[in-house]
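Asker:
Residue numbers (UniProt numbering): 1 to 149.
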């Protein structure tokens, strides 16, 4: 199935990598990007399961140096106050302040097409600066979603 929004389509490899992380925890995270012509969303990187959240953040920050945006998916493991362990797939739109306006517009308008293709996302986050990417903010959002259920 081809998902498309604002003239941007999602490559099948995006869904395959998502299913690999969702069903088999084959990766710790995935970085998605638009192709240079801004017409397709592709897998830029699928990181090994031993990778860390800091690795994920550093990969997102690399886009900032290029004044570009990225999508990211992180397989978050965390513990509830009662000691129960949880896993949740967290989807990120990384749109740094310095990103080119066209990048921001296309990434924002195409986000829903990618999210529709990736069935089973546990939490959706938008990050514009380094503080937004802090693990404490992600954990707080995950805990809020636990309370909401």
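The beta-carbon is built from N, C-alpha and C at its ideal position, and this holds for glycine as well.
Which residue spans inside the segment 75-144 form an unbroken alpha helix (DSSP H) run of at least 4?
Answerer: 101-117
Asker: Answer yes or no: do residue 15 and residue 118 have a C-beta to C-beta separation smaller than 8 Å?
Answerer: Position 15 of the chain shown, counted from the start, is the residue given in the question as residue 15. Position 118 of the chain shown, counted from the start, is the residue given in the question as residue 118. The answer is yes: Cβ separation under 8 Å.
Asker: Can you give the Cα-Cα distance for residue 24 and residue 87, rounded to whole angstroms?
Answerer: If you number the chain shown from 1, residue 24 lands on position 24. If you number the chain shown from 1, residue 87 lands on position 87. Approximately 12 Å, taken between the alpha carbons.
Asker: By DSSP's criteria, residue 21 is part of a beta bridge. Which residues make up the other side?
Answerer: As a working mapping, residue 21 is identified with position 21 in the chain shown. Note: residue 21 sits in no beta bridge, so no partner.
Asker: Quick one: Cα of residue 232 to Cα of residue 136, how far?
Answerer: The displayed coordinates of the chain run from 1 to 149. Any statement about residue 232 would go beyond what the structure contains.
Asker: For chain C, find out if any of its Cβ atoms is closer than 8 Å to the Cβ of residue 103; answer yes or no.
Answerer: No chain C is part of this structure, which consists of one protein chain only.
Asker: Pick helix, strand or coil for residue 146, following the three-state DSSP scheme.
Answerer: To locate residue 146, count along the chain shown from 1; it is residue 146. In the three-state DSSP reduction, residue 146 falls in the helix class (H, G or I).
Asker: Determine the direct distance from the alpha carbon of residue 98 to that of residue 7, and round the result to whole angstroms.
Answerer: The residue you call residue 7 lines up with position 7 of the chain shown. The residue you call residue 98 lines up with position 98 of the chain shown. Roughly 24 Å between the two C-alpha positions.
Asker: Could you pull out every residue in the same chain whose Cβ sits closer than 7 Å to the Cβ of residue 128, ignoring the five residues on either side in sequence?
Answerer: Position 128 of the chain shown, counted from the start, is the residue given in the question as residue 128. So the list reads 95, 96, 97, once near-sequence residues are dropped.
Asker: Pull up the distance between the alpha-carbon of residue 28 and that of residue 121, whole angstroms please.
Answerer: In the chain shown, residue 28 corresponds to position 28, counting from 1. In the chain shown, residue 121 corresponds to position 121, counting from 1. Approximately 14 Å between the Cα atoms of the pair.
Asker: Measuring CA to CA, which of 142, 13, 11 is closest to residue 79?
Answerer: The sequence position of residue 79 within the chain shown is 79, counting from 1. Per the Cα distances, 142.
Asker: Using three-state DSSP, classify residue 46 as helix, strand or coil.
Answerer: As a working note, residue 46 is residue 46 in the chain shown. It is a strand residue.
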